[in-house]
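J.: If you're matching positions, the sequence shown starts at 31 in my numbering and goes up one per residue. Ideal Cβ positions, reconstructed from N, Cα and C, are used throughout, including at glycine. If you scroll down you'll find the structure; I have some questions about it.
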Amino acid sequence: MTTAILSALIDEQRHLLDRLEAPQRVAHAGRGFVTGRLHGHTLVLALSRIGKVAAATTAAALIERFGVSRIVFTGVAGGLGAGVRVGDIVVASELLQHDLDASPLFPRHEVPLYGRARFPTDADLSGRLAEAARQTLAQADGWLDAGLRARYGLATPALHHGLIVSGDRFVATGAESRALQAELPEALAVEMEGAAVAQVCFDYGVPFAALRTVSDRADDAAHTDFPAFVRDVASHYSDAVLGAWLRMLPNS
Ligand code: ADE
Numbered sequence: 031m032t033t034a035i036l037s038a039l040i041d042e043q044r045h046l047l048d049r050l051e052a053p054q055r056v057a058h059a060g061r062g063f064v065t066g067r068l069h070g071h072t073l074v075l076a077l078s079r080i081g082k083v084a085a086a087t088t089a090a091a092l093i094e095r096f097g098v099s100r101i102v103f104t105g106v107a108g109g110l111g112a113g114v115r116v117g118d119i120v121v122a123s124e125l126l127q128h129d130l131d132a133s134p135l136f137p138r139h140e141v142p143l144y145g146r147a148r149f150p151t152d153a154d155l156s157g158r159l160a161e162a163a164r165q166t167l168a169q170a171d172g173w174l175d176a177g178l179r180a181r182y183g184l185a186t187p188a189l190h191h192g193l194i195v196s197g198d199r200f201v202a203t204g205a206e207s208r209a210l211q212a213e214l215p216e217a218l219a220v221e222m223e224g225a226a227v228a229q230v231c232f233d234y235g236v237p238f239a240a241l242r243t244v245s246d247r248a249d250d251a252a253h254t255d256f257p258a259f260v261r262d263v264a265s266h267y268s269d270a271v272l273g274a275w276l277r278m279l280p281n282s
């Protein structure tokens, strides 16, 4: 059984890559994939690049070319829900494309011919991912030092579990963020890939889970220090949470 760990950007999985045992690089579909072993599991680490189409291509390649039996996405997102703050973790229970609109032919957000707008994640994988995130946050004092907390204005990080929305836009104005919150009041966070990967996994019947560290509030300050946050904070969350998650799963 092979598990895929997918991220948009290299920095979101840098530490996992550093730890991978017996890494083998494979070029396919214009992308780099790295296979190897970690915490008793056979893995493929892959970069989706940014946006829904790039993520869907990568997910399909993981399934068709590498035969993966489950996919987990780890990366960053903009916080939308009230109380979803920078430094928090969101584990997706379901995902939706916020920019999909084939109305009046189909209801707003519904994926045409699927009869649904929301794609659920796998309950078992997501439950364990949430548990791994809970354990990691309980020990956050060990690695989230005062300097990092001050630099990024991090409070005590919290865990959220619910709807994540995806679209081909980096949401970086208060107006757009408020519009999304009004249209989709349940949405906890916004990013650019997850719902596309969820749809591909739905098509193939491959279990999927997704974890996002909140890097910004999807408002006018969203671009501030984004790459630095991914490097300094989110990469450590991915490493710690996915490490704990892999150790929880039966060896594969
Ligand atoms: N990923 C991280 N922050 C984001 C934002 N504000 N909009 C879309 N994707 C994001």
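Pull every residue with its beta-carbon under 6 Å away from any heavy atom of the ligand ADE, and keep them in chain order.
T.: This selection yields 106, 107, 108, 200, 201, 202, 220, 221, 222, 245, 246, 248 and 252.
J.: Would you tell me roughly how many angstroms separate the C-alpha atoms of residue 236 and residue 117, rounded to the nearest one?
T.: For the purposes of this step, residue 236 is taken as the residue at position 206 of the sequence shown. For the purposes of this step, residue 117 is taken as the residue at position 87 of the sequence shown. Roughly 29 Å separates the two Cα atoms.
J.: Considering only their Cβ atoms, is the gap separating residue 125 from residue 96 smaller than 9 Å?
T.: Here residue 96 refers to the residue found at position 66 of the sequence shown. Here residue 125 refers to the residue found at position 95 of the sequence shown. Going by C-beta atoms, residue 96 is not nearer than 9 Å to residue 125.
J.: What is the rounded straight-line gap between the Cα of residue 259 and the Cα of residue 245?
T.: Walking along the sequence shown from the start, residue 259 turns up at place 229. Walking along the sequence shown from the start, residue 245 turns up at place 215. Answer to the nearest angstrom: the Cα atoms are 7 Å apart.
J.: Say whether the segment 183-193 touches the segment 57-73, bearing in mind that this needs 3 or more beta-carbon pairs closer than 8 Å, one atom from each stretch.
T.: No contact exists between the segment 183-193 and the segment 57-73.
J.: Between the alpha carbons of residue 249 and residue 161, how many angstroms are there, rounded?
T.: Counting from one through the sequence shown, the residue named residue 249 turns up at place 219. Counting from one through the sequence shown, the residue named residue 161 turns up at place 131. One C-alpha to the other measures close to 29 Å.
J.: Residue ranges of each alpha helix (DSSP H) run of no fewer than 4 residues wholly in the segment 68-104, ordered along the chain?
T.: Counting only runs of 4 or more, we get 82-94.
J.: Between which two residues does the alpha helix (DSSP H) holding residue 257 run?
T.: Position 227 of the sequence shown holds residue 257. Where residue 257 is concerned, the enclosing alpha helix (DSSP H) stretches over 256-259.
J.: Hey, which unbroken runs of the alpha helix (DSSP H) at 4 residues or more fall wholly within the segment 93-175?
T.: With a minimum length of 4 residues, the continuous alpha helix (DSSP H) runs that stay inside the segment 93-175 are 153-168.
J.: Does the Cβ of residue 146 have 16 or more other Cβ atoms within 10 Å, making it buried, or fewer, making it exposed?
T.: Taking the sequence shown and counting its residues from 1, the one referred to as residue 146 is at position 116. Residue 146 is exposed by the Cβ-count criterion.
J.: How is residue 218 classed by DSSP in three states: helix, strand or coil?
T.: Numbered from 1 along the sequence shown, position 188 holds the residue referred to as residue 218. Residue 218: coil per DSSP, three-state reduction.
J.: My guess is that residue 272 and residue 46 are in contact by the Cβ rule of under 8 Å, so how many angstroms apart are they, rounded?
T.: Looking up residue 272 in the sequence shown gives position 242. Looking up residue 46 in the sequence shown gives position 16. 6 Å between Cβ atoms; contact.
J.: Taking C-alpha atoms, which residue in 131, 256, 207 and 164 lies nearest to residue 181?
T.: Along the sequence shown, read from residue 1 onward, the residue named residue 181 stands at position 151. Of the candidates 131, 256, 207 and 164, the one whose C-alpha sits nearest the C-alpha of residue 181 is 256.
J.: Let me check understanding here. Comparing Cα to Cα, which of 280, 277, 262 and 279 lies closest to residue 43?
T.: To locate residue 43, count along the sequence shown from 1; it is residue 13. Out of 280, 277, 262 and 279, 262 has the C-alpha closest to the C-alpha of residue 43.
J.: Which residue or residues does DSSP assign as beta-bridge partners of residue 37?
T.: In the sequence shown, residue 37 corresponds to position 7, counting from 1. Partner(s): 77.
J.: Per DSSP, residue 193 is paired with what?
T.: Counting from one through the sequence shown, the residue named residue 193 turns up at place 163. According to DSSP, residue 193 bridges with 124.
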